[in-house]
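*Asks:*
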Amino acid sequence: MYKLSLIILLTICCLSSSFAQSTTNSANNEIHNTFSYAYIRVEGKFLSKKLKVKVDLGDSDEQIAEGEKLSEILTNKKSYASILNYMSKIGYELVNTFDLTDNYNGSGGTSGIIYIMKKAEEN
């Protein structure tokens, strides 16, 4: 009798723990965000302290139009940080940066920078 009650108790404990894990996993799946990304290329203008900015948000017509609008707003700023601050105000978060380098006759340097940013989309 003792062995039978022990087996029943262990079976109930195992089943209850497996049910608890399955409800936790389903709750985690509901909190899934999607992101939209921005590719921002920033270069200096020739003989000027102002910056030339090209924003790429994607291939759809809406994304192209929004990217051109942001490019116009951000072009002619004088600070790389001002571009980051503006994008942060509209909900973007910096993911990564890359520098653009040029090499001419053995000498070179950084000619610009690329920002990769993301923004959480509302479901």
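Under mature numbering (1 follows the signal peptide of the UniProt record, and there is no 0), read the sequence shown as residues -20 to -1, 1 to 103, first letter to last.
We put the beta carbon where it would ideally sit given N, CA and C, even for glycine.
Note that the structure is predicted; figures quoted are calculated from it, not measured.
(1) Along the beta strand (DSSP E) that carries residue 19, what are the first and last residues, could you check?
(2) If residue 80 and residue 91 are in contact, beta carbons under 8 Å, what's the gap, nearest whole angstrom?
(3) Hey, would you say residue 20 sits closer than 8 Å to residue 94, going by beta carbons?
(4) Got a sec, what are the start and stop residues for the alpha helix (DSSP H) residue 39 sits in?
(5) Beta carbon of residue 23, beta carbon of residue 37: below 8 Å?
(6) Do you know offhand how far residue 50's Cα is from residue 34's?
(7) Once the 5 residues before and after residue 13 are set aside, which same chain residues still bring their CB inside 7 Å of it?
*Replies:* Once the coordinates are examined:
(1) Its beta strand (DSSP E) spans residues 14 to 24.
(2) Confirmed, about 5 Å.
(3) Between residue 20 and residue 94, the C-beta spacing is below 8 Å.
(4) Per DSSP, residue 39 belongs to no alpha helix (DSSP H) and is neither H nor E.
(5) Not closer than 8 Å, so no.
(6) Between residue 50 and residue 34, the C-alpha separation is close to 8 Å.
(7) Excluding residues within five positions, the ones whose Cβ falls inside 7 Å are 100.
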